[in-house]
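Here's the structure, in structure tokens; my notes come after.
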Amino acid sequence: MTHAIIIDNRPGSLTYGQEVSVAVTVIETPPVIPVAARFYTYGVLGNLETFTEVWASLPKELELWRRISTLSVDPQKNESRIRLVTESIDKIAEVSLIVATQPKLTGGLSKKVPDLLEVRVGGGSVADRVNYAIGILGKPIEVSDIFSPGQYVDVIGVTKGKGFQGVIKRFGVRELPRWHKHRKGSRRIGARSPAIGALSTVPQAGQMGFHRRTEYNKLILSIGNNGYEIVPSGGFPHYGLVKSSYVILKGSVFGPPKRPIVLRWPVRPPAAAPVEPPRIVYISLESKQ
53 MTHAIIIDNR PGSLTYGQEV SVAVTVIETP PVIPVAARFY TYGVLGNLET
103 FTEVWASLPK ELELWRRIST LSVDPQKNES RIRLVTESID KIAEVSLIVA
153 TQPKLTGGLS KKVPDLLEVR VGGGSVADRV NYAIGILGKP IEVSDIFSPG
203 QYVDVIGVTK GKGFQGVIKR FGVRELPRWH KHRKGSRRIG ARSPAIGALS
253 TVPQAGQMGF HRRTEYNKLI LSIGNNGYEI VPSGGFPHYG LVKSSYVILK
303 GSVFGPPKRP IVLRWPVRPP AAAPVEPPRI VYISLESKQ
């Protein structure tokens, strides 16, 4: 993270038209590559069932074999599957792409194994989605092809893991004084309640952190292709340099610096939001060490 000074462009805000300092998060976004297209149809009970899938002929530089060691792509099978999909277009219910990341293009990661993610293809008719999914196989998708500065995105990821923690840290309950009548354990969780055990609403010790979370409506301030222009002096703590394309989000993002996250179009965008992104006056490149 770093901080930036922007011009507030929210109508009705007390600081409208003024310079405000905001915390920003820089996320490195190397291009992803669609490696397969998966087509679904409705089953007998109305559930989605896999109809077929088509895999792209991928270069060895992607190193997908590190994730799927038994993967083998047969061009003849792909042609027959594409023909089957086009002939059975009325049966297709949903279309999705399986995209692979390229972690070796990042500056802060030393991993080579790509991560796979299934993304639904939406918009238009089923035939349009099928043609789009087949036509984009094996072609890199940049972050600027999907998002633009000034729009809101939802952030999906996994938070930092804290391990097994007690109720004080986990729920922030009040810690009572160590009186004499408290030492023998009277009135503890489930001590004088029915024999059903403690309710799920009662704070108890357990796992804290490492949870999947979704944060809505993070504002994109800027998108760039040269990561070196945004790296502070000495690099980002616990990450390093940014070498590929990047996205600057307003506010913080959960999780450790090197854990992958997902950006998606907002499911509940703000009703009244400025169309243009706020003008960035200054971005701090001072050392964060």
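Under the working numbering, the residue at position 67 of the sequence shown is numbered 119, and the numbers go up by one with no gaps. Idealized CB from N, CA, C, for every residue including glycine. Since the model is a prediction, treat every value here as computed from it, not as a measurement.
(request) Just tell me which of E139, L161 and R181 has its CA closest to the CA of L149. (result) R181
(message) At 3 residues or longer, what runs of the beta strand (DSSP E) sit wholly inside the stretch 126-168?
(response) 144-152
(request) Please name the residue, chosen from N278, W317 and G258, that lies closest to L271 on a Cα-to-Cα basis. (result) W317
(message) Please report the distance separating the alpha-carbon of Y291 from that of V137.
(response) 44 Å
(request) From the DSSP output, in three-state form, read off Y334 for me. (result) strand
(request) Name the two residues that bound the continuous beta strand (DSSP E) containing F91. (result) I85 to Y94
(message) In the DSSP assignment, the beta strand (DSSP E) including N269 goes from what residue to what residue?
(response) R264 to G276
(request) Just the C-alpha distance for F359 and K143, rounded to the nearest angstrom, thanks. (result) In this structure the chain extends from 53 to 341, so residue 359 is not present and cannot be described.
(message) Do G209 and F306 have their beta-carbon atoms positioned less than 8 Å apart in this structure?
(response) yes
(request) Give the range of the alpha helix (DSSP H) segment to which K221 is assigned. (result) V219 to F223
(request) For E101, count neighbouring Cβ atoms within 10 angstroms of its own Cβ and tell me buried if that reaches 16, exposed if not. (result) exposed
(request) Taking only the alpha-carbon atoms, compute the straight-line gap between G286 and K340 and give it to the nearest angstrom. (result) 8 Å
(message) Among the candidates V254, V178 and N61, whose CA atom is the shortest distance from the CA of F91?
(response) V178
(message) Pull the bridge partners of E227 from the DSSP assignment, please.
(response) BP columns for E227 are empty, so no partner.
(request) Compute the distance between the beta-carbons of L114 and K310, then report whether it is under 8 Å. (result) no
(request) Pick helix, strand or coil for E194, following the three-state DSSP scheme. (result) coil
(message) Do A152 and I198 have their beta-carbon atoms positioned less than 8 Å apart in this structure?
(response) no
(request) Give the single residue among Y298, R264, A89 and E267 whose Cα lies nearest to the Cα of G279. (result) Y298
(message) With three or more C-beta pairs closer than 8 Å as the rule, is the stretch 122-142 touching the stretch 213-224?
(response) no
(request) Flag this pair as yes or no: are the beta carbons of G268 and A56 separated by less than 8 Å? (result) Rather than Gly, the amino acid found at residue 268 in this sequence is Tyr. No. Outside cutoff.
(message) To the nearest angstrom, how far is the alpha carbon of S296 from that of P82?
(response) 6 Å
(request) Consult DSSP for L114 and reduce its assignment to one of helix, strand or coil. (result) helix
(message) If you measure between the beta carbons of M53 and S304, is that distance less than 8 Å?
(response) yes
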